[in-house]
Every structure is written in structure tokens, then in C-alpha cells.
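Peer 1: Residue numbers for the sequence shown follow the working numbering, so the first one is 49 and each next one is one higher. Note that CB positions come from ideal geometry on N, CA and C, so glycine has one too. Starting off with a structure, shown below.
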Amino acid sequence: MGYSFLRLAREALRDHTGWRPAWRDAEPKPRYDVVVIGGGGHGLATAYYLARNHGARNVAVVEKGWIGGGNTGRNTTVIRSNYYFPSSAELYDLSLRLYENLGVDLNYNVMVSQRGFLFLAHAPLQLEMYNRIVNALLVNGIDAELLSSDEVFRRAPLLNRAMRWPVVGGFTQPRAGIARHDAVAWGYARAADRLGVDIVQHCEVTGLRQAGGRITAVETTRGTIEAGAVAIVVAGHSSVLAAMAGLRLPVTSYALQAMVSEPVKPILDTVVNSPATGVYVSQSDKGELVFGGGLDLYPSYAQRGNLPVVEHVIAGLIEMFPAFAQLRLMRKWAGIVDVVHDSSPILGPTPVDGLYINCGWGTGGFKAIPAGGWLTAHCIATGGHHALSAPFDLGRFATGALVDEAAAAGIAH
Ligand SMILES: Cc1cc2nc3c(=O)[nH]c(=O)nc-3n(C[C@H](O)[C@H](O)[C@H](O)COP(=O)(O)OP(=O)(O)OC[C@H]3O[C@@H](n4cnc5c(N)ncnc54)[C@H](O)[C@@H]3O)c2cc1C
């Protein structure tokens, strides 16, 4: 059932009785050509592009909870492609370009809003570094503009002019912005379902079976499912799943927190990030201020986060925007993110035949969902790498060819 203005009008006239569930709640079959573990954005996008780009029809996504209930439904929704190295810029810009047309492609409103992303500079030296970054981005074909302090305050008028670390300028990526996180998961799920993908919720993978160095099946809480190929796409739980296949990953899992204020009228129409306070903020379409900062300080699988980080983030936010002190904090939450030494993803085949991995996005993989899914699907369908995923192979930790994006990944967003 396609979504359209006509369809909406028809349903309005018959009291919305004609809508069907957006995807089937599938029962697991005994065998699939491909089983994707993890019903977050990357897993669902992998299944969708396997079906759409490569004609795969016998595919399942198995999710231990509900789709989008992991980091995909917990993130602060920033999308951008201003990464430093050419290989990263190509990857993240493919993603941003796919986002720009995603609503039409999926026939689902993912609420992409390209309102720009503003990095603040708090010292002349930092502005000099930004100058260098902007030049590198432009050479990579990514839109970027260096800004004076006047231009920064014009874009964010409520910003504190008397900050302890004065704002001396900044830079922006005009095509960056936000998208609705749940809608991205739901849109991919619905579009994949329409192409025959089975989405199996409340089905936890508890073991991986191999024979002769090749993956043969996944063991789940709803029985064993044979598989021609398996993709591990579980973000913060990647090490747990990889260990089931005898693999040790260079991934550390941390809680990452975010918060929202009560909703207010439009007061901030760009995303603002201050490396000095360690805080970034945007305003959602509902009117809430959505903000966050860095990781909790110690590795953990406890999906709740600690209070010192909340305190630090709120103090930074109020330093940046004193007027926001009047707002009430509505909610705070955490997700478990998969952090890698070079702050770049791990994407592609593994040493086990037929087993693929997509992880390591750490604090910034929402923006990468379309490209991550596209490239993981390509690897599974062809058994090898796409040119864009090759630099992000797991083997880089043995060769030392790291893609160090710590500066671009920065604090979470
Ligand atoms: C607070 C916060 C803010 C963030 N802000 C941003 C941002 O602004 N911009 C940005 O680009 N990124 C951001 N991120 C990062 C981004 O959310 C993640 O990188 C991205 O969502 C990862 O998507 P995923 O599909 O790989 O993982 P997830 O969405 O976490 O999906 C993985 C799924 O695997 C499932 N799973 C785990 N174990 C099993 C098992 N054994 N069997 C079956 N299923 C299993 C989980 O239940 C989960 O649903 C943020 C993250 C957090 C936590």
C-alpha cells in the first residue's frame, strides 16, 4: 500500500479503517539465503538494498527486541558528511546523498531537514585548524564554509556572546542537518518487507554455527535458522556476537547519553556543536531541544548512563545558550555504542566464510545508515568489497592502515 496525498484523503473520508500494518510480523523460516542479525537502521538498510539492488528475496532480519529499539531510535539524529580523509568523505557523502532522496525512495517521510551544522571555534588557533579542515573538505568535494564570529551569531542569535571561551568564528556544512530516527528504521523496514524480506522481532541470536570454516546457521531464542550468509549488524553488541564465531574485534562498548527539553517554539534552526564545552544541540520538529556530549568514561553494557555526564552536558549547554536554563529537562537516555581506535567503521567480510560485519560506527553511525546498508549488501551479494568499503575492512587493524577520524567524529553526533 503506497503512501500518497490521495491515499491520505481517501482514508480520512473512511475514518482511517483501510491502513494495514507497515510490515508483517514474520515467523522465522527454517532457512534463508541471508540472515541479518540486528534490526537497527544498518541491518534493515542492508536487507532492503540486498533485495532492491541485488534481487535477493530470501532474506531475514532477526532482532532481539523491536526494530529501531537500539541506537537507531536513541540517537540525536544528526546527519552530515564533513569527514577529513577522502575515503571517509566518499562514504559519508554517499550516505548524505542517499538521505537527500530517501523519503521518495522508501515512500516514507523520514523528515530530512538540511538546516546546516555549525562547529564553533573558541580560539584563533582552532579557527586556523577549521580553515585547514574546510579546505580539505572542499578538495574532497564536500560543501563547507568558514565563518566569522558575526556570521556564527547571525545563524544562532541566542548563542552566549560572553562565553568563558569566546566564540571567534566557526565553520558549517550547509547540506548537513537532521532526520527523524524512528522513521528511518520504519521506512527501511516497510520497504524491505514489501520486497519480501522477513522482519523477525523478539528473536535473539544466541549462537553461530560453522562447518569447515563456513557459517551455516544462527541459533536463536526461536529455534535454529540455517543461512547461506550471515551479517552481524548489532552496534554495541558486536564483540558479543563476533565471539560466538570465535572472532575478537577491536571494539569497546560504552554508554552514550542524550537528553531533550520540553518543546518550545522555533528558537534554533541549525545544529550547533561546541568542542570546547563538549556539547551539541539542535531543535526537533516537535520543538524539543535535543542535546548530548561525549561518552560515559568507562566501558559498559548498562543502557542507562551516569549522572556526572548529564551534569557536564547541561552545564555546557547553559554556558552556550543561557536562555535554555529556563527550560525543563524532559527525558534522558543512553545507547550502547561500538567504539573503534580510529573512529571509523568496520565493514565487509570476516575470516569466517559467509560471515559479514557492519559495526564500529561508535557515536556517529545514524548519518551512515543508507551507505552502511548499501555497502554491506554489496559485500554480501558479491562476496567481496565495494571500492568504498575496502578501506574499512577488518584487516586494517593487522596492516596498520587505519583511517583516523577522531577529530571529525569528535563528540557524539
Ligand atoms: C545518545 C546517542 C546519540 C547519537 N547521536 C548520533 C547522531 O546525532 N548522529 C549519528 O550519525 N549517530 C549518532 N549516534 C550513533 C548512532 O545511533 C549509531 O551509530 C547507529 O544508530 C547504529 O545503528 P545500527 O543499526 O548499527 O545499531 P542499532 O540501532 O543499535 O541496532 C542494533 C540492533 O541489534 C540488536 N541486537 C543486539 N544483539 C542482538 C542479538 N544477539 N540478536 C538479535 N539482535 C540483537 C539490538 O537490539 C539493536 O536493535 C548516537 C548514538 C547514541 C546512543
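At 3 residues or longer, what runs of the beta strand (DSSP E) sit wholly inside the segment 361-438?
Peer 2: Entirely contained in the segment 361-438, the beta strand (DSSP E) runs reaching 3 residues are, in chain order, 377-388, 394-397, 403-407.
Peer 1: Give the secondary structure of Asn321 by DSSP, where H, G and I count as helix, E and B as strand, and everything else as coil.
Peer 2: The answer is strand: DSSP assigns Asn321 an E or B state.
Peer 1: Please check the pair Trp71 and Arg238, which I expect to be a contact at CB under 8 Å, by giving their CB distance rounded to whole angstroms.
Peer 2: Going by Cβ atoms, the distance from Trp71 to Arg238 rounds to 5 Å, so yes, they are a contact pair.
Peer 1: Residue range of the alpha helix (DSSP H) that Phe219 falls in?
Peer 2: From DSSP, Phe219 is part of no alpha helix (DSSP H) but of the beta strand (DSSP E) over 217-221.
Peer 1: Whether or not the segment 118-135 and the segment 178-197 are in contact is what I'm after, with contact meaning three or more pairs of Cβ atoms, one per stretch, closer than 8 Å; do they touch?
Peer 2: With a cut-off of 8 Å, the segment 118-135 and the segment 178-197 count as touching, because enough Cβ pairs lie within range.
Peer 1: Given this structure, state the Cα-to-Cα distance separating Arg223 from Ala456, to the nearest angstrom.
Peer 2: Those two C-alpha atoms are separated by around 16 Å.
Peer 1: With Asp81 as the anchor, note down where its beta strand (DSSP E) starts and where it stops.
Peer 2: Segment 79-85, the beta strand (DSSP E) holding Asp81.
Peer 1: What alpha helix (DSSP H) runs, 4 residues minimum, are completely inside the segment 233-306?
Peer 2: Correct list: 286-292.
Peer 1: Given a cut-off of 8 Å on the beta-carbon distance, is the pair Gly88 and Thr120 in contact?
Peer 2: In this structure, Thr120 lies closer than 8 Å to Gly88 by Cβ.
Peer 1: Beta carbon of Leu289: closer than 7 Å to some heavy atom of ligand 1?
Peer 2: Correct: Leu289 has its Cβ closer than 7 Å to ligand 1.
Peer 1: For Pro214, tell me which candidate among Gln174, Asp246, Gln221 has the shortest Cα-Cα distance.
Peer 2: Considering only alpha carbons, the answer is Gln174.
Peer 1: Report yes if the CB atom of Ile428 is closer than 8 Å to the CB atom of Val82, and no otherwise.
Peer 2: Going by C-beta atoms, Ile428 is nearer than 8 Å to Val82.
Peer 1: Use the C-beta contact count for Lys313: other C-beta atoms within 10 angstroms, 16 or more gives buried, fewer gives exposed.
Peer 2: Exposed, because fewer than 16 other Cβ atoms sit within 10 Å of the Cβ of Lys313.
Peer 1: Could you spell out the range, first to last residue, of the beta strand (DSSP E) harbouring Gly341?
Peer 2: Per DSSP, Gly341 belongs to the beta strand (DSSP E) from 337-347.
Peer 1: In this structure, does DSSP put Val312 in helix, strand or coil?
Peer 2: Looking at Val312 - three-state DSSP - the assignment turns out to be coil, as it is neither helix nor strand.
Peer 1: Could you pull out every residue in the same chain whose Cβ sits closer than 6 Å to the Cβ of Ala95, ignoring the five residues on either side in sequence?
Peer 2: Around Ala95: Val84, Val107, Val109, Ala240, Val245.
Peer 1: Hey, how far is the Cα of Ile263 from the Cα of Pro399?
Peer 2: Their backbone Cα atoms lie some 11 Å apart in a straight line.
Peer 1: Closest to Ala169 by CA distance: which of Arg163, Gln162, Ser196 is it?
Peer 2: Nearest of Arg163, Gln162, Ser196 to Ala169, Cα basis: Ser196.
Peer 1: Once DSSP output is grouped into helix, strand and coil, what is the label at Val200?
Peer 2: Helix, per DSSP.
Peer 1: Looking at Arg128 and Lys415, is the spacing between their C-beta atoms short of 8 Å?
Peer 2: In this structure, Arg128 lies closer than 8 Å to Lys415 by Cβ.
Peer 1: What residue does the alpha helix (DSSP H) around Val152 start on, and which one ends it?
Peer 2: 150-154 is the extent of the alpha helix (DSSP H) around Val152.
Peer 1: Once DSSP output is grouped into helix, strand and coil, what is the label at Glu111?
Peer 2: Glu111: coil per DSSP, three-state reduction.
Peer 1: Going by the DSSP bridge assignment, what does Gln351 pair with across the sheet?
Peer 2: BP columns for Gln351 are empty, so no partner.
Peer 1: Using the Cα positions of Lys380 and Ser391, report the straight-line distance between them to the nearest angstrom.
Peer 2: When rounded, the distance between both Cα atoms is 25 Å.
Peer 1: From the DSSP output, in three-state form, read off Ser52 for me.
Peer 2: In the structure shown, Ser52 sits in coil (DSSP, three-state: anything other than H, G, I, E or B).
Peer 1: Taking 6 Å as the limit between beta carbons, can you name the residues of its chain near Asp153, skipping five residues before and five after?
Peer 2: Around Asp153: no qualifying Cβ.
Peer 1: Should Glu111 be labelled buried (16 or more other beta-carbon atoms within 10 Å of its own) or exposed?
Peer 2: Label assigned to Glu111: buried.
Peer 1: To the nearest angstrom, how far is the alpha carbon of Glu148 from that of Gly260?
Peer 2: About 44 Å.
Peer 1: Within this structure, are the beta carbons of Gly364 and Asp386 separated by less than 8 Å?
Peer 2: Not a contact, by the Cβ cut-off of 8 Å.
Peer 1: Considering only the alpha carbon of each residue, which of Met368, Val160, Glu176, Tyr346 lies closest to Phe339?
Peer 2: Out of Met368, Val160, Glu176, Tyr346, Met368 has the C-alpha closest to the C-alpha of Phe339.
Peer 1: So, for Leu289: in the same chain, excluding its five sequence neighbours on each side, which residues have a beta-carbon less than 7 Å away from its beta-carbon?
Peer 2: If we look at Leu289 and ignore the five residues flanking it on each side, its Cβ neighbours are Ile85, Val253, Ile280, Val282.
Peer 1: Contact check, Gly341 vs Val319 under 8 Å by CB: the rounded distance?
Peer 2: The pair is not a contact, with the Cβ atoms about 14 Å apart (cut-off 8 Å).
Peer 1: I want to check one thing, is the minimum distance from the CB of Arg122 to the heavy atoms of ligand 1 below 7 Å?
Peer 2: Yes - ligand 1 has a heavy atom lying nearer than 7 Å to the Cβ of Arg122.
Peer 1: Ile85: beta carbon under 7 Å from a heavy atom of ligand 1?
Peer 2: Answer for Ile85: yes, Cβ within range of ligand 1.
Peer 1: Using the Cβ count rule (16 or more neighbours within 10 Å means buried), how would you classify Gly116?
Peer 2: It is buried - the Cβ of Gly116 has at least 16 other Cβ atoms within 10 Å.
Peer 1: Assign Tyr236 to buried or exposed, taking buried as 16 or more other Cβ atoms, counted over all protein chains shown, within 10 Å of its Cβ.
Peer 2: With 16 or more other Cβ atoms within 10 Å, it is buried.
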